[in-house]
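Asker:
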Amino acid sequence: MSENRKGSAGLMDRPYLLLTLTSLFWAINIVLGRFAAPDIPPLTLAFLRWFGATLVVLPFAWKALKADWPVIRSHLLLMTALSATGIAGYNALAYWGLGYTEALNALLVQSTGPLLIALWGWGLWGDKLSPAQFLGIMTSLTGVLVIITRGDFAHLAQLKLNPGDILTFAALVLYGLYAALIRARPAMAQISFLATTIIGGAILLLPFAAGEFFAGYRVHVTASSLAVLAYVAVFPSLIAYMFFVRSVELIGPNRASPFFHLMPVFGSVIAILFLGEQPQIFHALGFALVLGGVFVATRRPKGAAL
1 MSENRKGSAG LMDRPYLLLT LTSLFWAINI VLGRFAAPDI PPLTLAFLRW
51 FGATLVVLPF AWKALKADWP VIRSHLLLMT ALSATGIAGY NALAYWGLGY
101 TEALNALLVQ STGPLLIALW GWGLWGDKLS PAQFLGIMTS LTGVLVIITR
151 GDFAHLAQLK LNPGDILTFA ALVLYGLYAA LIRARPAMAQ ISFLATTIIG
201 GAILLLPFAA GEFFAGYRVH VTASSLAVLA YVAVFPSLIA YMFFVRSVEL
251 IGPNRASPFF HLMPVFGSVI AILFLGEQPQ IFHALGFALV LGGVFVATRR
301 PKGAAL
């Protein structure tokens, strides 16, 4: 085995690193989704994201897809459900919501992700959060609140729900279901599973993007909008989804979900680095709480297997 393959195999066996990178890629995706809202209609953005991902993944996955086709065909209902929840539904609602909601609201709603995943795991599989997982999720959530309220929880009383918040929350409900359903994925090559859900998501999104087009909404083609499309088709789509699925396979959805709380942390860092915002004490306190909560929630009991 070559050194490159050894390095790749090592990376794919490190769920906490994979989840950290996934949160980074998804945080950038949220920032770019808001940035691109004036230039790319939301349902069109969702479709182009996964259509682009399809074009990238298909040449690499073609042989595996042919070999796994009997498995895919026999589990078509499950694969369609995964595409509909984690690819089409989640992304359509998330991008749609980003056109309406404010940054503070979006970050707050995104922070419900771990709890929604835990609820779906309980409803579908009877999973229960351990005391450490619950404590870790709540600690991380507190850190998120510190960051988005700038250290003053009184700001929460000033937040007002709008259609974007409701759409974002609905998107996370669907993603929680997707994360829970991954456990039932059939035995097939990872590249086949990824490609099948991506292609299914693009197909499901096509009529909605077409509806936007015929309603008069158009993509404003600029260098920045093309750069956004290139990024969202690769990093938060192909790479992040592959990392997330592998991580859930290794450690389960309840221990993977607290990493959602890293997204507002990364979002704040991006704002500091690229938007000129100044780091404050509340940033450091919030970061410490988020990271501490993730550490507590993902610790394994002594003697437990990975």
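According to my numbering, the stretch in the sequence shown is residues 1 to 306, in order. Where a beta carbon is used, it is the ideal one built from N, C-alpha and C, also for glycine.
(1) Between which two residues does the alpha helix (DSSP H) containing phenylalanine 295 stretch?
(2) So, are the CB atoms of histidine 220 and leucine 141 less than 9 Å apart?
(3) Going by C-alpha distance, which of Ile28, Leu17 and Thr22 is nearest valine 269?
(4) Give the secondary structure of tyrosine 16 by DSSP, where H, G and I count as helix, E and B as strand, and everything else as coil.
(5) Apart from the five residues on each side of it in sequence, which residues of its chain come closer than 6 Å, Cβ to Cβ, to alanine 305?
(6) Take tryptophan 122 and list the residues in its own chain whose beta-carbon comes closer than 7 Å to its own, dropping the five residues that flank it on each side.
(7) Taking just the CA atoms, how far does glycine 33 sit from phenylalanine 243?
(8) Measure the alpha-carbon distance for glutamate 3 versus leucine 11 and round it to whole angstroms.
(9) Round the Cβ separation of glycine 97 and leucine 24 to the nearest angstrom and send it over; I've been treating them as touching at under 8 Å.
(10) Pick helix, strand or coil for arginine 185, following the three-state DSSP scheme.
(11) Just how far apart, CA to CA, sit glutamine 133 and leucine 250?
(12) Alpha carbon to alpha carbon, what distance is there between alanine 215 and isoleucine 203?
(13) Measuring alpha carbon to alpha carbon, tell me which of Phe266, Gly252 and Gly293 ends up nearest proline 15.
(14) So, alanine 53 versus valine 234, is the Cβ gap smaller than 9 Å?
(15) Does the distance from the CB of serine 247 to the CB of leucine 18 come in under 9 Å?
(16) Sort Trp120, Val109 and Ile147 by Cα distance to valine 290 and report the nearest one.
(17) If we call anything under 9 Å between Cβ atoms a contact, is methionine 263 one with aspartate 68?
(18) Are the CB atoms of leucine 124 and alanine 180 nearer to each other than 9 Å?
(19) Buried or exposed for glycine 286, going by 16 or more other Cβ atoms inside 10 Å?
Answerer: This is what the structure gives:
(1) Where phenylalanine 295 is concerned, the enclosing alpha helix (DSSP H) stretches over 281-298.
(2) No, Cβ-Cβ distance for histidine 220 and leucine 141 is not below 9 Å.
(3) Closest by alpha carbon: Ile28.
(4) Correct three-state label for tyrosine 16: helix.
(5) In this predicted model, alanine 305 has a pLDDT of only 42, less than 50, meaning its place in the structure is not dependable; the value taken from the coordinates is given anyway. The answer is none, since no qualifying residue turns up.
(6) Here the set comprises Lys128.
(7) Using only the alpha carbons, I get a separation of about 21 Å.
(8) At glutamate 3 the pLDDT is 46, less than 50, meaning the model places this residue with poor confidence; the figure from the coordinates comes in the next sentence. For glutamate 3 and leucine 11, the distance between alpha carbons rounds to 12 Å.
(9) Not confirmed; about 21 Å, so no contact.
(10) Coil at arginine 185, not helix or strand.
(11) Computed Cα separation, rounded: 16 Å.
(12) Straight-line Cα distance between these residues: approximately 19 Å.
(13) Checked all of Phe266, Gly252 and Gly293; the closest Cα to proline 15 is Gly252.
(14) Against a cut-off of 9 Å, the Cβ pair of valine 234 and alanine 53 comes out as a contact.
(15) Yes, they are a contact pair.
(16) Ranking Trp120, Val109 and Ile147 by CA distance to the CA of valine 290 puts Ile147 first.
(17) Result no, Cβ atoms of methionine 263 and aspartate 68 do not sit closer than 9 Å.
(18) Going by C-beta atoms, leucine 124 is nearer than 9 Å to alanine 180.
(19) Classification for glycine 286: buried.
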